[in-house]
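For reference, the structure discussed in these notes is given below.
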Amino acid sequence: MLKEALAQPGRNCWRLARADRLTVLVDAENYYGVLKRALLNARNSILFLGWEFDSRTSLVREAGISPPNTIGEVLDNSIRRNPQVQAHILIWKSSIIYSLHRELLTGWKLKWLGHRRLHFHYDDSHPLGASHHQKIVVIDDSLAFVGGLDVSNGRWDTRAHAPTDTRRSDPLLTSYPPFHDVMMMVSGPIARDLGDIARERWRCATGRRLARPQTVTDPWPPGTPVGIEDVSVAIARTGPAWEEQPAVLEVEALHLDMIAAAQRSIYIECQYFASRRIAQALAARLRHPPSPEILIVSANDPTGLMERTAMGAARARLYHKLENFDGNRRISFYYPASGPNTDVKVHAKLMIVDDEALRIGSANLNNRSFGLDTECDLLLDARGDERVRTFIRSVRHDLLAEHLGVGAERIAEYESGEGLCEAVEKLRGGERTLVPLGPHVEESWHRLLPAGDVFDPERSVESIILHDDVASAGGGRTLRRKVVIGAAILSTIVILASLWRWAPLSGLLDTVALGDAIEDLRASPIAPVFVILAFLASGLLAVPVSLMIIASGALFGFVLGSVYALSGSLLSALLIYELGRKLGRDRVRRIAGTRVTKVSRSMVRSGIMVVATLRLVPVTVFTVVNLVAGASRIRLFDYVIGTLVGMFPVVAALSFFGDRLGAVLRKPDVVNTITLVAVAVMIIYASDSLALRLARAAPPTSDPRQYQ
315 MLKEALAQPG RNCWRLARAD RLTVLVDAEN YYGVLKRALL NARNSILFLG
365 WEFDSRTSLV REAGISPPNT IGEVLDNSIR RNPQVQAHIL IWKSSIIYSL
415 HRELLTGWKL KWLGHRRLHF HYDDSHPLGA SHHQKIVVID DSLAFVGGLD
465 VSNGRWDTRA HAPTDTRRSD PLLTSYPPFH DVMMMVSGPI ARDLGDIARE
515 RWRCATGRRL ARPQTVTDPW PPGTPVGIED VSVAIARTGP AWEEQPAVLE
565 VEALHLDMIA AAQRSIYIEC QYFASRRIAQ ALAARLRHPP SPEILIVSAN
615 DPTGLMERTA MGAARARLYH KLENFDGNRR ISFYYPASGP NTDVKVHAKL
665 MIVDDEALRI GSANLNNRSF GLDTECDLLL DARGDERVRT FIRSVRHDLL
715 AEHLGVGAER IAEYESGEGL CEAVEKLRGG ERTLVPLGPH VEESWHRLLP
765 AGDVFDPERS VESIILHDDV ASAGGGRTLR RKVVIGAAIL STIVILASLW
815 RWAPLSGLLD TVALGDAIED LRASPIAPVF VILAFLASGL LAVPVSLMII
865 ASGALFGFVL GSVYALSGSL LSALLIYELG RKLGRDRVRR IAGTRVTKVS
915 RSMVRSGIMV VATLRLVPVT VFTVVNLVAG ASRIRLFDYV IGTLVGMFPV
965 VAALSFFGDR LGAVLRKPDV VNTITLVAVA VMIIYASDSL ALRLARAAPP
1015 TSDPRQYQ
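Mapping the sequence shown onto this note's numbering, position 660 (from 1) lands on 974, and the numbers just tick up by one.
Here's what the structure looks like:
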């Protein structure tokens, strides 16, 4: 029994709220069916927050189901049936990598083809690299769903997780593997608090405030069993520092406090296991007896390049570290399988400690969920209440029964005599089973992979670049001023190019001779060598690399110019990086100034991310970044990858501008001039947008892990 209540508002949760009724919905068949009935019962408002959304997703997948059945149809029908209902849907405005796998023009479809009281908006009110990851649905401020499931492609499955189920088919995924997740459904006063979170997120994303519904309804779907009644539930959040809001780190604190309090058992279901702090907390419990049994159920093999490199490698590294602390073999990793060669993808975010505390939410066990993305978790704490403890235990037994293909009563029977991990070992081995999960990344491959914080950073890039004093005082104002200066330079170039042949300016040079010289240089086999040497010299002389890239594009065109510029920039960066290594930190500090200390710490901690961002953001001179990188002695691999990632879009944009500038110099007609101006405007707009986004980042708390 836990000695004291886990939930502490102001430290590891936002607040405690009363739930009249609470139940756990396992897997999407259950959640989608209940969600459909609840949405059709709405009388005042629907608030829908998610990471992903597809209006074509079918909610009930039984033969003979008639419309409305897709989520888009159900929302539209609910609004048309009830004249008071306003629906607001807020979904993360994803990067291009994820947008390729999402429904096209969702906002347009819902705005122009749906009802006028159906409001859809993409959320990009977060730092660079962050995402809106909360999965919350609130109906009439009386009923709410929180957990890991979006209503989108590739999520639907039954609890049977049959190897072949033709109903696992969506508009963008005609067939996908079994999928496991959980949601918590609550009613009562807690739903209003969750509604406040959703309305505040809508305000941050749109600038518009939503009013609370004035009347209270009871949209609990008829026929839906209640798991437990009249309980206190804690709400925990993650939110990055943004604009006037400081960082909110309640979710991480809650996880750490739950692990620290564990006496007998920790049961975890997680999509990712990549948090260094969670691994350290588990290691601490393994080192200090009495250590609890720890059972972790996760996905077998992360899918996609980013998941494999960022999350898969991090999990393998942490797995090896925990093995070293587990002398008594108290920790076990498994993945669920529903048949030969059929793994179940675990997407759940759940932790149960001693059957006293149950946490369900959107937060993964990775760095992003603890400090960068927006998250929301719910905690049910027994506090010694046997009624609540019995319910939490039944949830755990029910989940293990699903994974092992046996009855919950057998789980309870074996566990009472053998303990948690040994019971699983005795019961597994059937067609549906839990399979031991080992690391999937070889040790030799670890050394080649970048650190996990490239895609899974502990802090936003703004807080690393700006708030560690890498930039000079003034932060966003300095960036904005540099963007304005850059815009003035580009505008001057455009004006001079436009006047080249329409004014006496062209008479100052022999344009024919200049053109012949340029053509000779292009055709020369030593042209690449010439360009490389020019970039190396410009780097040593601290000539702005942007001017060199523009010149390369103007001389050699977009394609060759980009190749030459990227190669020259990289080799110049490597030369000065090596120079920085030779000079050492003290000498570089005298050259670059006192900011080198903070830059060095940032680069060592988050090398690829920091280097890439410094290439994109006009914070300091290219040469200074290279010197400081060398002095900081970050891994050469991280430095090269960061340079390539950050320089690629810069080189592409400026080379294209240079190409159009060369076209105007050769043929200053209206089309070429307009194109040049348009490219210049787009570059200025992109630079200004980036600067403004960085400037909107809120200052961090004095202690970066201080709970707000």
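Backbone N, C-alpha and C define an ideal beta-carbon position, used for all residues, glycine too.
- In this structure, DSSP gives Gly-461 an extended state, which the three-state scheme calls strand.
- Secondary structure in the stretch 614-700: the alpha helix (DSSP H) runs of 4 residues or longer, each lying completely within the stretch, are 627-639 and 681-685 in chain order.
- Here the stretch 883-895 lies against the stretch 956-967, with 3 or more beta-carbon pairs under 8 Å apart.
- Between Ala-671 and Leu-330, the gap from beta carbon to beta carbon reaches 8 Å or more.
- In the displayed model, Leu-941 falls within a helix according to three-state DSSP.
- When the alpha-carbon of Leu-432 is set against those of Glu-387, Pro-492 and Glu-376, the nearest one is in Glu-387.
- Residue burial annotation: Tyr-346 is buried, with at least 16 other C-beta atoms found within 10 angstroms of its C-beta.
- Runs of the beta strand (DSSP E) lying entirely within the stretch 385-460 and spanning at least 3 residues, in chain order: 400-406, 432-437 and 450-453.
- Boundaries of the alpha helix (DSSP H) around Ala-519: 503-520.
- The stretch 364-378 and the stretch 483-493 touch, with three or more beta-carbon pairs separated by less than 8 Å.
- Inter-segment contact for the stretch 886-895 and the stretch 846-860 is present: three or more beta-carbon pairs are separated by less than 8 Å.
- Scanning its chain for C-beta atoms nearer than 7 Å, with the 5 sequence neighbours on each side dropped, one finds around Pro-604 the residues Gln-577, in chain order.
- According to DSSP, residue pairing for Met-498 in a beta bridge involves Val-338 and Val-460.
- Remark: C-beta atoms of Leu-748 and Val-660 do not approach each other more closely than 8 Å.
- DSSP places Asp-973 within a helical segment (H, G or I) once states are collapsed to three.
- Separation of Arg-601 and Pro-963 (C-alpha to C-alpha, rounded to the nearest whole angstrom) is 48 Å.
- For the pair Ala-356 and Val-452, the CB atoms are not nearer than the 8 Å cut-off.
- One alpha carbon belongs to Gly-744, the other to Leu-664, and they sit about 24 Å apart.
- In the DSSP assignment, Cys-327 falls outside any alpha helix (DSSP H) and carries neither an H nor an E.
- In the assembly as shown, Pro-654 is an exposed residue. Its beta-carbon has fewer than 16 other beta-carbons within 10 Å.
- Spanning the alpha carbons of Gly-698 and Ile-450 requires a straight line of approximately 29 Å.
- A straight line joining the alpha-carbon of Tyr-999 with that of Leu-734 spans about 58 Å.
- In the DSSP annotation of this structure, Pro-842 is not part of any beta strand (DSSP E); the continuous alpha helix (DSSP H) holding it starts and ends at 841-854.
- DSSP places Val-565 in the uninterrupted alpha helix (DSSP H) bounded by 564-575.
- Per DSSP, reduced to three states, the secondary structure at Arg-375 is coil, with no helix or strand assignment.
- In the pairwise beta carbon analysis, the stretch 331-344 is classified as touching the stretch 460-474: at least three pairs are separated by under 8 Å.
- A contact is defined here as three or more CB-CB pairs under 8 Å, and the stretch 544-558 meets this definition with respect to the stretch 437-451.
- Sequence-distant Cβ neighbours of Phe-705 in its own chain, meaning closer than 7 Å and more than five residues away, are Gly-541 and Ile-542.
- Cβ contact annotation for Leu-418 (same chain, cutoff 6 Å, sequence separation greater than five): none.
- Residue pairing by DSSP leaves Thr-488 without any beta bridge partner.
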